[in-house]
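The block underneath contains the structure these notes are about, expressed in structure tokens.
In the working numbering, the protein residues as written are 1 to 548.
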């Protein structure tokens, strides 16, 4: 009854129920007191909260962790930060163990009191008290560091959050994107905002800057590694001569193992795929340890790189087989597998992974569908690429700018130039601004069928839209015009790039055009774009599908 009146905002009725309970001789439990504190806090009635807290003490009702946390939170929201800290000390003295919600409230208190460094230090110590930060904890600190202009810290927090398996909200992505933009990285900002190729950005930018490494827990920073945990480089050196001494070291660190540390060791072993895989398997066998999508991606990257060089193909099969076993039923790992198979044009294996996703009810993402569309396009299976796009629409999965670029290029290469142009013209109505990659892909397609006038007109539109052409854009256009016999125009564009001067003196024209087409395909297959979402996108998707 008390809770119902509290939800309705009828605090007078709530107090009447409490008074009636006391008159009839009913003692109030800690749960009842906690509910009262909760609703007075909700009403921003700090006096009411204090009154209930005092009544608890008078009745000798012992507060629990929820009660303490609610009371501390009420004090923080009332700007009574010193009093909040006093209550926290009282909580510790009473041997009531704080939880992550308690610590998050304390971090909030320190932030509001202008003590951001202290709040961050408290965050670092959460591991020592065996508390795992949640999404709210990370959001609070990311927003605070963003306001303080600590943009690199925002990124390290985001990376640590994603490594721990916590999903990212649109608000969190926005804060991180704006931080990266402030650091002069607009491309990476767009990738984080959209979530496309996020793993690659996190691995690239976070390679020397892990949040956990800044604390006393785990360190990729050689100077910060604690005494009981060998530096990643030192452990890698011991692993290369794996013997009794190595086994002893591993036995000592097994229970203290964390994914960021494993990541740094794997990086040190990047030239030895077999050893990297052995260490990866050892880590996986340790009690209480669980690999993240980042460690999975790193080991696939290491072994895959060596396999492409012509060796360790058998090892790659073992790695992929292991990943496809139990424990790989999450989206990031599936996408990692599809990406690897796609890059190696192993269509059957990629399809098998995609089918397994359906079998375990793992919903495919925009990245999943785009990887498949790109794979089919690159291998000439354009009809299959369209089928995947249609399936994507049926699944109500919204395409990104990258999806449309890959699809447009596939249409053009399959001879459906009209449909490709229609899709390009429809992009603004779908909420997307064509990128340099999109323009380049369509120009290449037009030049391939001898539509050099259209390609030049598209180039002019690109400049009018204030989109800077890339080196590949200029190279493709110059070569296309050269092939069409428009030497003066081709040379003018070529001269804008120093390294292209004299390029047209090469004897093998067909080889040049072939390389140009490959460069465009590689550009399209990459994620060099910044999608712009729109609420009108869903209204126009059916139109594009019809045009296609």
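C-beta: ideal position from N, C-alpha, C; glycine also.
Backbone secondary structure at residue i - three-state DSSP
i           : result
residue 403 : helix
residue 360 : coil
residue 432 : coil
residue 177 : helix
residue 513 : At residue 513 the pLDDT is 44, less than 50, meaning the model places this residue with poor confidence; the figure from the coordinates comes in the next sentence. In this structure, residue 513 counts as helix in the three-state DSSP scheme.
residue 58  : helix
residue 265 : helix
residue 38  : helix
residue 166 : coil
residue 382 : helix
residue 333 : helix
residue 282 : helix
residue 185 : coil
residue 253 : helix
residue 44  : coil
residue 28  : coil
residue 287 : coil
residue 129 : coil
residue 304 : helix
residue 241 : coil
residue 22  : helix
residue 391 : helix
residue 355 : helix
residue 9   : coil
residue 231 : coil
Selection from the options that minimises the alpha carbon distance to residue i
i           : options               : result
residue 492 : 485, 484, 478 and 483 : 478
residue 288 : 122, 253 and 52       : 253
residue 296 : 259, 454, 13 and 315  : 259
residue 182 : 155, 457 and 151      : 151
residue 107 : 186, 84, 95 and 97    : 84
residue 232 : 198, 241 and 269      : 269
residue 379 : 414, 15 and 364       : 414
residue 240 : 275, 169 and 451      : 275
residue 355 : 343, 344, 391 and 382 : 391
residue 160 : 53, 294 and 314       : 294
residue 319 : 344, 273, 332 and 364 : 273
residue 179 : 129, 162, 154 and 165 : 154
residue 249 : 70, 283 and 138       : 283
residue 129 : 100, 46 and 55        : 100
residue 401 : 417, 367 and 418      : 367
residue 403 : 343, 416 and 434      : 434
residue 105 : 423, 82, 72 and 95    : 72
residue 348 : 381, 322 and 361      : 381
residue 489 : 455, 465 and 461      : 455
residue 247 : 286, 264, 267 and 266 : 286
residue 277 : 315, 245 and 172      : 315
Contacts around residue i, its chain only, beta-carbon distance under 6 Å, and the 5 residues preceding and following it disregarded
i           : result
residue 385 : 373, 376, 377 and 410
residue 421 : none
residue 340 : 300 and 304
residue 549 : Here the chain has residues from 1 to 548 only, and residue 549 is not among them.
residue 166 : 135
Cβ shell of residue i (< 7 Å), same chain only, five flanking positions each side left out
i           : result
residue 436 : 467, 468, 469, 470 and 473
residue 70  : 34, 37, 38 and 41
residue 52  : 33, 36, 37 and 40
residue 626 : Since the first and last residues shown for the chain are 1 and 548, residue 626 lies out of range.
residue 357 : 334 and 364
residue 459 : 443 and 477
Cut-off 8 Å between Cβ atoms - residues of its own chain near residue i, not counting five sequence neighbours on either side
i           : result
residue 201 : 188, 191 and 192
residue 353 : 324, 334, 337, 338 and 341
residue 59  : 27 and 28
residue 67  : 30, 33, 34, 37 and 56
residue 452 : 446, 480, 481, 484 and 486
residue 463 : 469
residue 424 : 408, 434, 438 and 442
residue 64  : 30, 34 and 96
residue 87  : 68, 71, 72 and 75
Interface flag, residue i vs chain D, CB-CB below 8 Å
i          : result
residue 79 : Looking for chain D here will not work: only one protein chain is present.
(request) Can you check the region 67 to 125 for any beta strand (DSSP E) of at least 3 residues that lies completely inside it and give the ranges in chain order? (result) Those beta strand (DSSP E) runs which fall completely within the region 67 to 125 and span 3+ residues do not exist here.
(request) Tell me, please, whether the region 129 to 136 touches the region 145 to 154 by the rule of three or more beta-carbon pairs shorter than 8 Å. (result) Using a Cβ-Cβ distance cut-off of 8 Å, the region 129 to 136 and the region 145 to 154 are not in contact, since fewer than three pairs of beta carbons, one from each stretch, lie closer than that value.
(message) Is it the case that the region 78 to 94 contacts the region 117 to 124, given that we only count it when at least three CB pairs across the two stretches are under 8 Å?
(response) No: fewer than three Cβ pairs fall under 8 Å.
(message) Closer than 8 Å is the cut-off here; do at least three beta carbon pairs connect the region 383 to 397 with the region 425 to 444?
(response) no
(request) With a floor of 4 residues, list each alpha helix (DSSP H) that falls wholly inside the region 410 to 486, ordered by position along the chain. (result) Counting whole runs of 4 or more residues, the region 410 to 486 contains the alpha helix (DSSP H) stretches 417 to 426, 436 to 448, 452 to 464 and 471 to 483.
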